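Numbering (my numbering), first residue to last: 1434 to 1833. Cβ coordinates follow ideal geometry from the N, Cα and C atoms, glycine included. Being a predicted model, the structure only gives us computed values, none of them experimental.
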Ligand SMILES: [Zn+2]
Ligand SMILES: [Zn+2]
């Protein structure tokens, strides 16, 4: 049987057994400043240490609790200080001072009968009195963890991935693929996390109890490893008892026509697998739509910049412009300026939210000024300038 040692609260706080309450208080404050979780965020060891010093301070800063601890080598709320003292005196370890009390050969059934009764000669593990002791001391071990206990169904966690889809796939819809790293149900144990059924607990050899030392006194407690059941499950070697294994998988998903950039797609059950029959999490995809060299998508609208000549812009014209459905004719009104925006109604993207509706195509006109390489053209341009000699900068200076 394994034995768990009692805690030395004096060593935890780094004080002598003869320390005054003032010394204990100071030692605790010093240690608390160092190990406080606020000072050590995310540090598990500091957190554990902080718990230990808090526990030590809780016992040693309380005169009554400290007295019990000094006499028995451990403390429980369920022990009456007077009883502890009486037993310490009876055993000849009187006067406190931290000398461990020898409870060897002591009949524990007398413990509950109160002081004054002479301890009987018979004792030992397995006698009926152990049962009541288990209850008395259970408070000390209430913080114990039971990591090897069989776990119930645990749901898998959700996953979130960004999925970049091709410009055209987002507009027309279609299938897209993405590599996802997810936890999958372990193929060896089928998510049970253990194999071969429950086995004997190695900590207590299947008895469900371990021996705890209180000074030189021994008493039994439920085995913290198997929670007193005496059995643990053999962890699966493939998944090391996790019930799931990591796997990179190509997920295929459907893109609805008109899917916008930033849209979320939920793939139910495609997140991490659950354990012990727990439901799988979901996979959330955040769609990033790809770009195009000619078209720029803004919501359901398509923006295009179209170059036009000076005569087309000045006299007006019908020009071919590209749309997401192919060529379309756009009427350039006479006197169109560079940068002006013209609208082709319902030539944009079919809406994913409102079926049957389409966005517009917005054409930005870019007037291309010709480089005149022949004298005849330059002459015409000069003549044009003379005929139309308005100063386009008048308004600019008027506003000064
Ligand atoms: Zn497994
Ligand atoms: Zn056990």
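Judged by pairs of C-beta atoms under 8 Å, the segment 1765 to 1777 touches the segment 1744 to 1753, as three or more such pairs exist. One alpha carbon belongs to residue 1653, the other to residue 1441, and they sit about 19 Å apart. Rounded to the nearest angstrom, the Cβ distance from residue 1779 to residue 1791 is 4 Å, consistent with a contact under 8 Å. The criterion of a C-beta distance shorter than 7 Å is satisfied by residue 1661 and residue 1641.
Restricting attention to 1785, 1830, 1814, the CA atom closest to the CA of residue 1687 is found in 1785.
Annotation: the continuous beta strand (DSSP E) that includes residue 1740 extends over 1734 to 1742. With contacts defined as CB atoms closer than 7 Å, residue 1684 and residue 1613 qualify as a contacting pair. Per DSSP, the continuous beta strand (DSSP E) segment holding residue 1643 begins and ends at 1642 to 1647. Per DSSP, the continuous beta strand (DSSP E) segment holding residue 1697 begins and ends at 1697 to 1700. The beta carbon of residue 1721 sits closer than 8 Å to those of 1595, 1596, 1597, 1598, 1694, 1695, all from its chain and outside the five residues before and after it, given in chain order.
Nearest Cα to residue 1492 within the set 1457, 1472, 1478: 1457.
The three-state secondary structure of residue 1499, taken from DSSP, is helix. Exclusion of residue 1618 from the 6 Å shell around ligand 1 follows from its C-beta lying no nearer than that to any non-hydrogen atom of the ligand. For residue 1676 and residue 1627, the gap between their C-alpha atoms comes out near 8 Å. For residue 1456, the CB stays at least 6 Å from every heavy atom of ligand 2.
The criterion of a C-beta distance shorter than 7 Å is not satisfied by residue 1690 and residue 1804. Annotated three-state conformation of residue 1832 is coil, per DSSP. In the structure shown, residue 1703 adopts coil according to DSSP, grouped into three states. By the neighbour-count criterion, in which 16 or more other beta carbons inside 10 Å mark a residue as buried, residue 1830 falls on the exposed side.
When DSSP reads this structure, residue 1609 sits in a beta bridge with 1686. When distances are taken from the beta-carbon of residue 1671 to the heavy atoms of ligand 1, the shortest one is below 6 Å.
Under the three-state reduction of DSSP, residue 1757 is assigned to coil, being neither helix nor strand. Annotation: the continuous beta strand (DSSP E) that includes residue 1799 extends over 1794 to 1801.
Around the beta carbon of residue 1475, fewer than 16 other beta carbons sit within 10 angstroms, so the residue counts as exposed. DSSP, read as helix, strand or coil, puts residue 1822 in coil.
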